[in-house]
Each structure stands twice: as C-alpha cells, then as structure tokens.
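Below you'll find the structure, written out as structure tokens, and then a few comments.
2 protein chains.
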Amino acid sequence: MALPSIDTSRLDNTLAVIRTLRDQGPAARIDLGALNGISSATVTSISAELLQQGLINERPPETPRANGRGRPKTLIELDPQAACVVCIKLSINEIQLVVGDFAGQIRHSEHHAISTLTLSAADLEALLEDKISAVCTQQLRGFQRLAGICLAVQGVVSSQSGTIIWSPALSFRNAPIAPRLAERFHCSVLLENDANCIASVLAAQPAYADCNNLVVIMLGYGIGMSVLINGVPYLGANGSAAEFGHSKYQPDGALCACGRRGCIEAYASDYALYREASDLLDLPTGDSAHPSAQQMQALTQLAMQGDPVAQRIYAQAGRALGVGIANVLALFNPDLVLITGSGVRGFDAMQAAMHAAIDDALVAELRGTTRIESCAWDRDMTCMGGIAMALNATDGETLLDSQAKSGSATCL
Amino acid sequence: MALPSIDTSRLDNTLAVIRTLRDQGPAARIDLGALNGISSATVTSISAELLQQGLINERPPETPRANGRGRPKTLIELDPQAACVVCIKLSINEIQLVVGDFAGQIRHSEHHAISTLTLSAADLEALLEDKISAVCTQQLRGFQRLAGICLAVQGVVSSQSGTIIWSPALSFRNAPIAPRLAERFHCSVLLENDANCIASVLAAQPAYADCNNLVVIMLGYGIGMSVLINGVPYLGANGSAAEFGHSKYQPDGALCACGRRGCIEAYASDYALYREASDLLDLPTGDSAHPSAQQMQALTQLAMQGDPVAQRIYAQAGRALGVGIANVLALFNPDLVLITGSGVRGFDAMQAAMHAAIDDALVAELRGTTRIESCAWDRDMTCMGGIAMALNATDGETLLDSQAKSGSATCL
DNA sequence: GGTATTTATTTTAGTGCCTAAAGTAAATAA
DNA sequence: TTATTTACTTTAGGCACTAAAATAAATACC
Chain C
1 MALPSIDTSR
11 LDNTLAVIRT
21 LRDQGPAARI
31 DLGALNGISS
41 ATVTSISAEL
51 LQQGLINERP
61 PETPRANGRG
71 RPKTLIELDP
81 QAACVVCIKL
91 SINEIQLVVG
101 DFAGQIRHSE
111 HHAISTLTLS
121 AADLEALLED
131 KISAVCTQQL
141 RGFQRLAGIC
151 LAVQGVVSSQ
161 SGTIIWSPAL
171 SFRNAPIAPR
181 LAERFHCSVL
191 LENDANCIAS
201 VLAAQPAYAD
211 CNNLVVIMLG
221 YGIGMSVLIN
231 GVPYLGANGS
241 AAEFGHSKYQ
251 PDGALCACGR
261 RGCIEAYASD
271 YALYREASDL
281 LDLPTGDSAH
291 PSAQQMQALT
301 QLAMQGDPVA
311 QRIYAQAGRA
321 LGVGIANVLA
331 LFNPDLVLIT
341 GSGVRGFDAM
351 QAAMHAAIDD
361 ALVAELRGTT
371 RIESCAWDRD
381 MTCMGGIAMA
391 LNATDGETLL
401 DSQAKSGSAT
411 CL
Chain R
413 MALPSIDTSR
423 LDNTLAVIRT
433 LRDQGPAARI
443 DLGALNGISS
453 ATVTSISAEL
463 LQQGLINERP
473 PETPRANGRG
483 RPKTLIELDP
493 QAACVVCIKL
503 SINEIQLVVG
513 DFAGQIRHSE
523 HHAISTLTLS
533 AADLEALLED
543 KISAVCTQQL
553 RGFQRLAGIC
563 LAVQGVVSSQ
573 SGTIIWSPAL
583 SFRNAPIAPR
593 LAERFHCSVL
603 LENDANCIAS
613 VLAAQPAYAD
623 CNNLVVIMLG
633 YGIGMSVLIN
643 GVPYLGANGS
653 AAEFGHSKYQ
663 PDGALCACGR
673 RGCIEAYASD
683 YALYREASDL
693 LDLPTGDSAH
703 PSAQQMQALT
713 QLAMQGDPVA
723 QRIYAQAGRA
733 LGVGIANVLA
743 LFNPDLVLIT
753 GSGVRGFDAM
763 QAAMHAAIDD
773 ALVAELRGTT
783 RIESCAWDRD
793 MTCMGGIAMA
803 LNATDGETLL
813 DSQAKSGSAT
823 CL
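Just so you know, the sequences run in chain order C and R.
Everything in the first sequence is counted per the numbering used here, starting at 1 for the first residue and increasing by one.
Everything in the second sequence is counted per the numbering used here, starting at 413 for the first residue and increasing by one.
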C-alpha cells in the first residue's frame, strides 16, 4: 500500500518545470503553468527560486519582436552549466563516453576500443574510473557539478543494487560496479540496461507519445528488449525482466550463447544468422562467432539480392522472431512493438515470415490493436537515453544541492 | 509525463484510512496515523468527518479493559451498512452472485446453473439485470447505497471500456456489458478478468505481501494468468495482457480452443488433458470436450495412482507449463509465480516435468530468485477478490456521495 | 482514597503551498 | 497619446498538515 505522504507538491511542481524546460526548450512562465496544470503565480514563485539558485536563466527579449501585441513573453531556460552528467555505454569490445549538460544536450562523445571480454571486474572498475576521470578533467570545466553517471550495459543488470549480473560483453558476473563508482566520484550512479536507454529515447519521440505500453526489441549481436509501462522501464524483481532474446522458440532447438537451446536469440541474432550462413555461403572471413558489421552487411546484402539460402536463413529468423513477438503480445499486449538495433538492417528479409508467424500463432482478439514497426537505429541513441535518464534521476538532488549552497558558486 | 496536480492529500489520506480499516479491522486513531504516516491530529480530523458522514462508527470501549495503563484506545471501524457491492462471477455454465458490505465482508452468495454458451449478448444482459435486481430486492435492505458492481469474467475483457472481448463461457464477442449495467443500476460497474480478482486476494495474504511482481497462473478448463505489479493488475493496451494460456509451447503443435496451434493451454488445460486421455484410458463418459470436475478428478487420480499413460500425459502438460513459465520468467522476472485454479489438483503429477523444463530452458541468472509455488483454490476466491476490487474502486465515490448528503440518511 | 504517571485524543497555533484576483509592466493598435 | 492586449507579480485567503499544548481517561503507587 502506498503511504499517503506529506505535501510534496512544491518539489513535484519544481521538477515538472525543470523537465518541461528540458523537453521543450525555453518557455514563458504562463506556458509552463498551462503545460503543467499550475497557476502562473506558482510558476513565478518557482522560477524565482530557480533563478536564485542558478539553475535557470532568463532569456534576453528577442530584438525582432515576435507576433501579437501585449507584453512579450519572458522565456526562461535551463542553465546548461548548472550540472552535467556522464553516460558510459559498455558493449562488446567498445566503450563510449558521452557528456551531457543540464539542458540535456550532448557536449562531448568519445569511443574506445577495449577487449572487454578479457577484463576482470577490478580491471573494468579501474578502466571506468580512469576514463571518467579523464573526461572530468578535460570536459567538465565550467559545470557547477557532476550530477550523476549512467552506465548503460548490454545484458542483465540490477539497477537497484547497481550490479552487473550478466553481460555478453564481460566474462565475469555479479559485479557491484555502481556503488564503487558512486563512492569514487561522489555522485549517484545509475546502472541501466542499454535497451531501456534506447526505449526511453524512442518513447520521447512525438510519434510514439501515445503509447502507454511500449515494447522495444533490439536486434544485434544479441537480442534485447525493453518494456516501458507509462514511460517507465519495467525491471522485474531483480532486473532480468524483458529478456526477450532468451524466451523460447523451440524447446531443444538451436544452441544459444546463454548455453541453453531454442532461445529466440539462437535464431535471429547476428551470431545465429552468421553461424547458419557461414557454412553455406561465400562470406567475408573473420571471427564468425562475433561477426563484424561488415560481415553482417555482406550477409544481409545477399538476402536482399535474392540469394535463396540467405533468404531462407532470414525467413527462419523471422519465424522465430514472430513466435517470440506473439508471446510478447499475449503476455504484455502493448500498444506498439518497435524493432530496432543494428540488426534492423536485415529486417526487410525477416518481415514477411515474422508477420506470418504472428498471424499463425494468435487469433485476432489477442493480436489486438498492437502496431508492429521497425525503426532506424544509430549507435549514439543509447547514450542519449542514458543522459536523459541520469538527468531525470538526479534533478531532485541537483535541486537540493543548489538550495543548500543557494548561489555560492563553486566550479568543478 | 504525469501532471503535477493540485493537492489531493486530504482525499488520499481519507482513502488510506478507509482502506486500513477495511484491511486491518477496527483501529485507534493513533495507530491509523502511524500506519499511514500521518499525525494523529489529522486522523482526528478525518475521522470526525467520516463519523459525521456515517461511514465509520466508534466502538464502545471493551468492558474487560485491555492491557496497559493510560487512556484506552477508542477504536473506529467502518460502518458495514454504509455501502455494499455486488460481484458476479461469470464462468462456463455457471454464474455466482455475491454481496459484500462496506467493511469487505461477504453477506450473501448464490450460484445459478445457466447454459452460458447458448446466450446472446442481449440474453446475458437481461439475465444479469434480472439476477442483480433480485439480489438488490432481497439482500440489500439496510444498506445506504449500492456502491458498485464487479463482473468477473473468464477471458479477455477491456476494463477501460467495460467490454467483454472474448470469453470461453460465451459464444458472442465484443459485448459492452459494463456501461449497460451501470446505466441500469446507477452505479459504477467494474469489469475484471477472473484471474485478476483471484490474484488480488492472494496478493493481500501476508505470505505474499513482499512480492512487488506477482504472477498468478490459473489452471482449469482454460488457463488464465494475472500479473500484479505493485499490487495492480497489469492490463496492457486493451486488456488482453497476461494471456499465458495462449503463449506458445510448440509452433504447429496441438490444437487449442482458440483455434490456433501450440498454445500452452492446448497441453495443460482440463480439456487438453482429457482429450489426450479419453482415447487411451478408461474414464467416466460425458462431454469430453468440457470435462466435469468428476471427470478430471478421475483422470488425476489415475496419474496419482501411478498409471503410466496418465503420468505421461501430465508430464507432457508439465513440460508445456514449464516452457511457458520459463518465458514468463524471462519476460516478467517476477518475485513469485503462484499456480492455482481447479487444475492444481493435478499439479503434483506435473511438477517434476515442469521444473525440469524450466531448468532446461533458462540459465540460473534468468531464473533469478523467482519462487514457483502452487496454492490451494476454492471457488469463492474470485468473488472475494471482486468485492475487494469493487470497494476499492468506489471508495472515492462513496466518500463524495456521503459528503454531498452529509448525514441525511436514505436507505435503498 | 488520593495523587502521579501513562497513554490517547483534541485543540491551538503556525507553516507551506496553492489559487484567484488585483495590480503592474510592456508591448501594439487606433 | 490613449486604449487594448498579454504577461508577470503581488496580495489576500484557503486548505491541509504538523508540533505542541491541553484535555481525557485509564492504571500504579503510596
């Protein structure tokens, strides 16, 4: 039972104003009131505090006056320097570091090739500390504070305890990495599944704004999923919810990277497709258990050009994906299933078989009104989502902190 | 984005007091404060209003004084007469009507044998109106108001629109029944899936109180499921979430009542078990497509007594159930999966195969810490849950209503 | 039996947050 | 220059809460 609490309306309203400014950009007090269902008098009061705390700025009036008569609006905007967050994406053999400012804009991005599978837990911790320190020294001049760090990891993570339970990028398990970093950098550290980060970005797009139940499936080396219920990632009891890739297509079917048989991932992931294909087709040589983007590109192209063997392999993947999605529809009944990730490059070759499998598996009543769509992907989306989530998670702290020192400016 | 709202704390706190009294029985103001995180001064104020509105009563002090010194507690309790709700359970060839009072106690229960599959939508509406009217006339004397009606239905329902989308008990589809009844009886009508009602009852039990993510699987003629996330049933976009019975075991497998192939239900439901068994075993004659409790009892008994054919059939059902549960674990990662329903009578015969299938399907990291348990079932649980849900849903209205007439007593 | 002590409830005084309405500011239109 | 329009700020008042004081109703102790 939810405890009915003391009045938190001032905090709620202040956070709502900050988030509206972040999502929609500079806005007038009267509009902030309308958007958030509060009176403009209250916005005046809130914005006076935020100004005093240095979290927002008033925009100078535009010289070429906007349309309409009456007193012109005075726009307020987040002070980008008020805080910053760092997002680190950890994937197989690569880490990406991104810095975002208080207004949610990306300020800096860097990639590092690292053979992640050879790291020990201590190595990873040292590596991350090192990279984050370097970014702090080089990129965070002028920011009032480092509000938080988001670690976006492929695999199963426990956000609550900040533990990486199991990641395909790492050879060790159960690493409580977030508390370590939090202690080292004196800020809150958010540990997130990469699919949840991407889903948060997608959910913020106007085209998907009306989806209260959104499922995002990420095709790539592995297969990930995120379920957003009213915009919030569904995590389950210990963070291993939404493991679509390891739901079943065929009991006793193909071997999966997890060690079990018949997982969707064992049919429709990059490594599964390439495993099937490499014996039968003339494809670029290389580590066929960890196919590169070039290798996958070659395979996809064969299917697109009509090669029957490649087409058969993609159709099989589509069927597995379709049965998996049918289960997702039956169990989650989402408004929308969005398929993305680097693997969407081959989606056209899977699509027909996938839809056939879904129609075959479920009667219309259970398919419901769920839309199933694919969506373009780029590799920066994860960190954009991580930045947004880290800011959201730390706004309360930032507020408290700036109330405490209330104006006495200290820089990093 | 959630709109930060005007201050609803008085309403929240009042509802919290009412619910605490319903869940825990009579309580003192000071305890109500402690339980809900509000001051006893506030409870005094709230309870004064509720007394004036006739929703609660003060208990006379107990004559043999309780232990301890100091001023004795004055217990307040819900006035059972302040309101009542009716729950109707609609299942194959039977409807049950139950009356509950404002304190959540069952006051009356009746069963009617009805051949539900021959009803038209209009017939059903007329039937329900008739039965509810009769109950109102005979059973609701003395209650201040009929706060609401809960219709608990097997199958897919849209709670939002009050439409029965698809039920195995009915031969028609898409019946907007709830608005009709609401109009007829001038009260709010809640349409719920039967599994959600049962899950609500189970979730309220102290043994399962710490489960934020609870999955309840109902074995019976069909197979139903309810997912409770923080105590609230997860409904999905149009109410067809948690259709575990129609998630897949084997693409192109056994034929299901839904018309598709390979559903879990096509292996582990009563009709599936009996279909397999009736050709091979000497079982009571009768409609083997809709086996009775007696028929199922006979089949279960054979398996329990060691009949190898019956055991093989139950083991197969267990495997299907296991694969289905593995998918549920991968996708929902609940704290607890509770297996109940009339079909638990045969659970012992399925259990070993089920656990083997789960272990086979999922690595330990994905099985996580989920407990999988079975739990006894009785046929009144659905309506108990319906009563509880209806009361919860209508407390706000009851409050408003009694504020409006504020003391001027009118009886039904 | 009469006080002291303990515990529960009610009353009082004060705070925080919000809103509507009135007042002020800053523009354009006439 | 004045009227009108629109945005923002100030004022006055209300509601809900809490802490602390006051009151109530018991038991414990002498």
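Glycine is no exception: its CB is placed at the ideal position from the N, C-alpha and C atoms.
| Looking only at its own chain, which residues have a Cβ that is under 7 Å from the Cβ of C/L302, when we skip the five neighbours before and after it? | Scanning its chain for C-beta atoms nearer than 7 Å, with the 5 sequence neighbours on each side dropped, one finds around C/L302 the residues L281 and A310, in chain order.
| At least one CB of chain R closer than 9 Å to the CB of C/A404: is that the case? | Chain R contact via Cβ: absent.
| said: With a threshold of 8 Å, are at least 3 pairs of Cβ atoms found where one atom belongs to the stretch 342-358 of chain C and the other to the stretch 146-159 of chain C? | reply: Not touching, per the Cβ criterion.
| Proximal residues to R/I442 (C-beta, below 6 Å), its chain only, five neighbours per side dropped | Closer than 6 Å at Cβ, skipping near neighbours: S452.
| said: Quick test of your reading: R/E677 and R/A669, contact by CB under 8 Å. State the CB separation rounded to the nearest angstrom. | reply: Going by Cβ atoms, the distance from R/E677 to R/A669 rounds to 7 Å, so yes, they are a contact pair.
| request: Anything in the stretch 554-579 of chain R with a Cβ closer than 7 Å to a Cβ of chain C? List those residues in chain order, please. | output: When CB distances to chain C are screened at a threshold of 7 Å, the residues of the stretch 554-579 of chain R falling below it are V568, I577 and W578, in chain order.
| query | Which residue comes first and which comes last in the alpha helix (DSSP H) that contains R/I500? | reply | Not the alpha helix (DSSP H): R/I500 falls in the beta strand (DSSP E), residues C496 to S503.
| On the three-state DSSP scale, how would you describe C/D130? | C/D130 falls in the helix class under three-state DSSP.
| said: Once DSSP output is grouped into helix, strand and coil, what is the label at R/C675? | reply: Looking at R/C675 - three-state DSSP - the assignment turns out to be strand.
| query | Helix, strand or coil for C/Q105 per DSSP? | reply | DSSP places C/Q105 in coil when its eight states are reduced to three.
| request: Tell me where the alpha helix (DSSP H) around C/C383 begins and ends. | output: Its alpha helix (DSSP H) spans residues M381 to K405.
| For C/A28: DSSP bridge partner residues | According to DSSP, C/A28 bridges with C/L75.
| request: Answer yes or no: do C/S167 and C/V189 have a C-beta to C-beta separation smaller than 9 Å? | output: At a Cβ-Cβ threshold of 9 Å, C/S167 and C/V189 do not count as neighbours.
| task | Name the residue from C/A315, C/L273, C/A289 and C/G318 whose alpha carbon lies nearest to the alpha carbon of C/L299. | result | Checking every option, the nearest Cα to that of C/L299 belongs to C/L273.
| request: Could you pull out every residue in the same chain whose Cβ sits closer than 6 Å to the Cβ of R/G798, ignoring the five residues on either side in sequence? | output: Excluding sequence positions up to five before and after R/G798, its CB lies within less than 6 Å of the CB of C499, C562, A564 and C609, all in the same chain and listed in chain order.
| Using a C-beta cutoff of 9 Å, does C/F332 count as contacting chain R? | Interface residue, yes.
| message | Please classify C/G322 as buried or exposed, where buried requires at least 16 other C-beta atoms within 10 Å of its C-beta. | response | C/G322 is classed as buried because its beta carbon has at least 16 other beta carbons within 10 Å across all chains shown.
| query | Got a sec? Which residues, its chain only, sit under 7 Å from R/Q706 by beta carbon, not counting five neighbours each side? | reply | Shown here for R/Q706: same chain residues with a beta carbon closer than 7 Å to its own, the five before and five after excluded, namely P696 in chain order.
| request: Quick one: residues in its chain with C-beta nearer than 7 Å to the C-beta of R/G574, no 5 flanking neighbours on either side, listed in chain order? | output: Taking R/G574 as the centre and dropping the five residues before and after it, the same chain places the C-beta of P588, I589, A590, P591, V601 and L603 closer than 7 Å to its C-beta, in chain order.
| message | Looking at chain C, is there any beta carbon in it that lies within less than 9 Å of the beta carbon of R/G819? | response | In this predicted model, R/G819 has a pLDDT of only 44, less than 50, meaning its place in the structure is not dependable enough to derive any value.
| task | Just tell me which of C/G100, C/Q81 and C/A182 has its CA closest to the CA of C/L128. | result | Of C/G100, C/Q81 and C/A182, the residue nearest in Cα terms is C/A182.
| message | Tell me the residue span of the alpha helix (DSSP H) that contains R/R783. | response | Per DSSP, R/R783 belongs to no alpha helix (DSSP H); it is in the beta strand (DSSP E), R783 to S786.
| request: Return no unless some Cβ of chain R is closer than 9 Å to the Cβ of C/V323. | output: Under the 9 Å criterion on CB atoms, C/V323 is classed as interfacial with respect to chain R.
| query | Nearest CA to the CA of C/T42: which residue from C/R275, C/V17, C/G368 and C/S374? | reply | It is C/V17.
| Separation of C/S200 from R/G819, as counted between CA atoms | Confidence in R/G819 is poor, its pLDDT being 44 and thus under 50, which makes the residue's placement too unreliable to answer from.
| task | Quick one: which residues of the stretch 762-780 of chain R get their C-beta closer than 8 Å to a C-beta of chain C? List them in chain order. | result | Listed in sequence order: A769, D772, A773, L774, V775, E777, L778 and G780.
| field | R/H702 - DSSP class collapsed to helix/strand/coil | value | If DSSP states are grouped into helix, strand and coil, R/H702 belongs with coil.
| task | Could you tell me whether the Cβ of R/K543 comes closer than 9 Å to any Cβ of chain C? | result | Not closer than 9 Å to any Cβ of chain C, the Cβ of R/K543 fails to qualify, so no.
| task | Out of R/Q728, R/A732, R/L631 and R/G671, state which residue places its alpha-carbon closest to the alpha-carbon of C/A361. | result | It is R/G671 whose Cα lies nearest to the Cα of C/A361.
| query | Name the chain C residues that come within less than 7 Å of R/D719, Cβ to Cβ? | reply | Those within 7 Å of R/D719 in chain C number zero; the least Cβ separation is about 25 Å.
| query | Any residues in the stretch 645-667 of chain R with a beta carbon nearer than 9 Å to a beta carbon of chain C? Which ones, in chain order? | reply | Cβ contacts with chain C: Y646, L647, G648, A649, N650, G651, S652, A653, A654, E655, F656, G657, H658, S659, K660, Y661, Q662, P663 and D664.
| Counterpart residues of R/N625 in DSSP-defined beta bridges | R/N625 pairs with R/I641.
| message | So for C/Q144, helix, strand or coil by DSSP? | response | Look at C/Q144 here: in three-state DSSP terms it is coil, with no helix or strand label.
| query | From C/A83 to R/D419, what distance separates their C-alpha atoms? | reply | Those two C-alpha atoms are separated by around 30 Å.
| Hey, out of R/V639, R/G634, R/A621 and R/P618, whose CA is closest to R/V628's CA? | By alpha-carbon distance to R/V628, the top candidate from R/V639, R/G634, R/A621 and R/P618 is R/V639.
| request: Compare the beta carbon distance of R/I641 and R/G657 with 9 Å and say whether it is the shorter of the two. | output: With contacts defined as CB atoms closer than 9 Å, R/I641 and R/G657 fail to qualify as a contacting pair.
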